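Below is one structure, written out as structure tokens, with a few remarks after it.
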Amino acid sequence: MNEKTSKDLGYETEDASTSKLLWSGVTLAVLVIVAVAAMTVMFGVLYDAREEAINEVGPMVDLEAKPQGPILRVDPPRELIEMRAQSRSDGSTYGWVNKESGTVRIPVERAMKLLVGRGIQ
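Sequential numbering from 0 applies to the sequence shown in numbering that gives the first Met the number 0.
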């Protein structure tokens, strides 16, 4: 009495349409190709416009203006090497720090020997 047919069983009774699947795939591929081509053209145009904008100088720009504030270092690694060499030289030689006030610089080794001899007070 209560016989179920294949439509009542809950599964497909026929295969998917091959032509519809094929046309869907072709349409998707064409849309991807068109989108990539449009983006390539758009990025090329925007890149060219950017290059032109970078090279243009506005009419209000003062080309002779000097930058305000501190001038940045030109070659920091070389300047650091020179500063360290100067510091090593200052720590290992005798010299004047301030001649008017009579302040002198002595080598670190000599200063340590003087401190050991006198003691730190």
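Here a beta-carbon is modelled for each residue, glycine too, at the ideal position from N, C-alpha and C. Bear in mind that the values here come from a model prediction, so they are computed numbers and not experimental data.
Since I believe valine 107 is in contact with glycine 118 (beta carbons under 8 Å), could you give me their beta-carbon distance rounded to a whole number of angstroms? Against the sequence shown, residue 118 aligns to sequence position 119. Against the sequence shown, residue 107 aligns to sequence position 108. Taking C-beta atoms under 8 Å as the contact rule, glycine 118 and valine 107 fail to qualify, at a distance of about 18 Å.
Measure the alpha-carbon distance for methionine 41 versus alanine 52 and round it to whole angstroms. For this step, residue 41 is matched to residue 42 along the sequence shown. For this step, residue 52 is matched to residue 53 along the sequence shown. Straight through space, the alpha carbons of alanine 52 and methionine 41 are spaced by roughly 16 Å.
Where valine 115 falls: helix, strand or coil (DSSP): Looking up residue 115 in the sequence shown gives position 116. Here valine 115 sits in helix by DSSP.
Rounded to a whole number of angstroms, what is the C-alpha to C-alpha distance between leucine 30 and proline 76? Numbered from its first residue, the sequence shown carries residue 30 at position 31. Numbered from its first residue, the sequence shown carries residue 76 at position 77. About 54 Å.
I'd like the span of the beta strand (DSSP E) that includes valine 103, first residue to last. Looking up residue 103 in the sequence shown gives position 104. Counting along the chain, the beta strand (DSSP E) containing valine 103 begins and ends at 102-104.
State the beta-bridge partners of asparagine 135 as determined by DSSP. Given that the chain is displayed from residue 0 to residue 120, the structure contains no residue 135 and the question cannot be resolved.
Within the stretch 54-99, ranges of the alpha helix (DSSP H) (whole runs, at least 4 residues): Within the stretch 54-99, the complete alpha helix (DSSP H) runs of at least 4 residues are 75-91.
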